[in-house]
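Residue numbers (my numbering): 660 to 814. Glycine residues also receive a C-beta, built at the ideal position from the N, C-alpha and C atoms. Scroll down for the structure; my scribbles are underneath it.
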C-alpha cells in the first residue's frame, strides 16, 4: 500500500494553497480564505475570501461556515446579514463544530436576559478574542432585527 504524504495547509505558501485550492482541496480553500481575510502572506482580499468560503460551505465544511458567519456579521467582503450568519451557525452546530456549539449554548441561555457575559467562553488563546467579538457582533446584529429574543435550537 502506498502512503502519500500531504503537507499541512497551515505550512503551505500562498502559491501552494492556490494550486491545491484550484484542484478542489477544501482545506486549502479555507486556509487561503483565512490568509486573504487577514492579508497574511498576500494582499488582503476579503471578497475573494468570501467566494472561497462560499464554496467550502457548499461542500458542508463547518469551520468555513463559522468563518463565513463572521464575514456576514462584520460585513467583511460581503453585505451584512445576521439571518444568514445565524443559519450558518446553526448548520455548523449540527455538524458538531465546537465554536458554533458554544455560540448556540450562550444564545439559548440568553433568551430572557438583557446582558450577556462572555466570561465562560474560552477557545485557543489566539482565537478567543476574535471569537468573542464575532459572538458579540452576531448577537448585536440579531437584537437589532427583532424586538424579542427567540431560542435557537438544534432540530
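Where residue 738 falls, given that 16 or more other Cβ within 10 Å makes a residue buried = Mapped onto the chain shown, residue 738 falls at position 79. Answer is exposed; the Cβ neighbour count stays below 16.
Given a threshold of 16 other Cβ atoms within 10 Å of its Cβ, counted over all protein chains shown, does residue 678 qualify as buried or as exposed? By 1-based counting over the chain shown, the position of residue 678 is 19. Exposed.
Checklist line | Straight-line Cα distance separating residue 675 from residue 667 | finding: Taking the first residue of the chain shown as 1, we reach residue 667 at position 8. Taking the first residue of the chain shown as 1, we reach residue 675 at position 16. Cα to Cα, residue 667 sits roughly 11 Å from residue 675.
* Asked: Along the chain, which unbroken stretches of the beta strand (DSSP E) at least 3 residues long are found entirely within the segment 664 to 734?
  -> none
Original post:
Given residue 701, which residues of its chain have a CB within under 7 Å of its CB, disregarding the five upstream and five downstream residues?
Top reply: Working through the chain shown from its first residue, we reach residue 701 at position 42. 673, 694, 695.
Measuring alpha carbon to alpha carbon, tell me which residue in 698, 686, 727, 736 is nearest residue 707.
Locating residue 707 in the chain shown gives position 48, where the first residue counts as 1. The shortest C-alpha separation from residue 707 is found at 736.
- Run of the alpha helix (DSSP H) containing residue 816, from where it starts to where it stops: The displayed coordinates of the chain run from 660 to 814. Any statement about residue 816 would go beyond what the structure contains.
task = Pull up the distance between the alpha-carbon of residue 759 and that of residue 712, whole angstroms please.
result = Along the chain shown, one-based indexing puts residue 759 at 100. Along the chain shown, one-based indexing puts residue 712 at 53. Approximately 16 Å, taken between the alpha carbons.
Classify residue 737 as helix, strand or coil using the three-state DSSP reduction.
-> Position 78 of the chain shown, counted from the start, is the residue given in the question as residue 737. In the structure shown, residue 737 sits in coil (DSSP, three-state: anything other than H, G, I, E or B).
- Among 740, 669, 689, 761, which one has its Cα closest to the Cα of residue 723? Residue mapping note: residue 723 aligns to position 64 of the chain shown, counting from 1. Checking every option, the nearest Cα to that of residue 723 belongs to 689.
**Report entry** Chain-order list of residues whose beta-carbon lies under 7 Å from that of residue 686 (same chain, five-residue window excluded)
**Finding:** Against the chain shown, residue 686 aligns to sequence position 27. These residues qualify, in order along the chain: 668.
- Query: Excluding the five sequence neighbours on either side, which residues of its own chain have a C-beta within less than 6 Å of the C-beta of residue 715, listed in chain order?
  - Reply: By 1-based counting over the chain shown, the position of residue 715 is 56. Taken in chain order, the residues that qualify are 685, 688, 689, 723.
Based on Cα-Cα distance, which residue from 699, 727, 733, 680 lies nearest to residue 750? For this step, residue 750 is matched to residue 91 along the chain shown. Considering only alpha carbons, the answer is 727.
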